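Numbering (our numbering), first residue to last: 254 to 577.
Taking it in order: structure first as structure tokens, then the write-up.
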Ligand code: DGY
């Protein structure tokens with residue numbers, strides 16, 4: 254079996270104990286041709302969100318491939334229908350990273366609002382001469398309105414955090430939450446137009462799909478408050494980055510805090526990085542010790558179940574088990 258990167262030990266060890274693992278040891282992902290070469294003849298593959306799993310890779314792996322285990326909750330790097338049509342189950346790592354990801358989304362919200370990266374740079378650059386009444390002012394977080402786009406597990410955890418700050422929470426999703434959930438989470442459903450127009454902070458928690466790709470475009474930014482701050486911990490391509498750049502530069506919105514970008518990694522000379530109101534961190538929302546270890550255990554469990562021909566604990570295409 255092929256493991257496309259070193260993952261935290263508990264998971265990696267259980268894979269090693271159970272089977273012979275061909276591990277890609279580099280910090281960087283395997284180049285495409287190397288990946289295609291290494292998966293040949295393998296029964297199982299443990300992939301990361303940086304590895305594209307498509308017909309080309311499945312062909313390269315060959316007919317013995319029994320499982321693709323993705324070390325992430327998101328699986329937009331995997332062509333799931335292609336796997337399903339070959340009856341290959343795909344596993345992901347849901348739930349274990351929900352709260353850790355919401356923590357980071359809220360941290361980004363706070364950091365952008367209260368201008369923490371700018372303050373940090375200011376002190377380090379020796380510019381701090383005195384206490385200043387006008388220095389690094391930003392919007393309040395408490396009692397502000399938060400718009401959550403995508404009200405799944407992580408979006409809902411974001412709502413819980415917001416209620417501690419007595420924020421008004423609006424949410425949008427393809428389906429509306431139950432009245433009980435809405436009242437427990439103190440959140441109200443809103444159409445996107447209303448959510449964009451009314452929110453001081455807009456936090457994205459959607460999957461990347463054909464419908465959500467480029468969802469935050471020039472027209473969306475034009476509907477937002479000029480002070481609005483956009484937070485993205487979902488997937489980079491949900492935001493049209495050229496439009497985001499223009500909106501931030503021209504003051505159509507107040508700021509952005511991004512854990513995910515398009516492309517990823519964002520090149521150091523990318524225009525977004527020249528803007529003081531754009532905070533970017535390197536896709537670290539799930540990066541706590543405990544969460545990454547749990548993700549490794551889960552990805553290993555999916556891989557090993559698949560190798561044994563057993564149902565994966567968390568399959569994203571359970572329909573493979575219904576096919577005759
Ligand atoms: C995921 O799991 O999809 C995150 O983006 C990385 O943890």
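For glycine and all other residues, C-beta sits at the position ideal for the given N, C-alpha and C.
None of the values given here were measured: they were computed from a predicted structure.
- By the criterion of a C-beta distance shorter than 6 Å, residue 500 is surrounded in its chain by 474, 506, once the five residues flanking it on both sides are discounted.
- Fully contained in the segment 529-571 are the following alpha helix (DSSP H) runs of length 4 or more, in chain order: 542-560.
- By the neighbour-count criterion, in which 16 or more other beta carbons inside 10 Å mark a residue as buried, residue 385 falls on the exposed side.
- The nearest non-hydrogen atom of the ligand DGY is less than 7 Å from the C-beta of residue 302.
- For the pair of segments examined, the segment 516-532 was found not to touch the segment 556-575: the number of CB pairs separated by less than 8 Å stays below three.
- Residue environment for residue 533: buried (at least 16 other C-beta atoms within 10 angstroms of its C-beta).
- Of the other Cβ atoms in all chains shown, 16 or more fall within 10 Å of the Cβ of residue 322; this residue is therefore buried.
- Note on geometry: alpha-carbon atoms of residue 338 and residue 417 lie some 46 Å from one another.
- Counting only the Cα atoms, residue 311 lies some 16 Å from residue 284.
- Placement of the Cβ of residue 346 at a distance of less than 7 Å from at least one heavy atom of the ligand DGY is found.
- Here residue 338 carries a helix assignment [DSSP, helix/strand/coil].
- When the beta-carbon positions are compared, residue 258 and residue 282 come within less than 8 Å of each other.
- Per DSSP, the continuous alpha helix (DSSP H) segment holding residue 498 begins and ends at 494-503.
- Where residue 526 is concerned, there is no enclosing beta strand (DSSP E), because DSSP gives it neither an H nor an E.
- Residue range 262-271 is occupied by the alpha helix (DSSP H) that includes residue 268.
- Annotation: residue 279 to residue 479 spans about 44 Å, alpha carbon to alpha carbon.
- Beta-bridge partners assigned by DSSP to residue 369: none are found.
- With the criterion CB distance below 5 Å from any heavy atom of the ligand DGY, the matching residues run 325, 326, 327, 539 along the chain.
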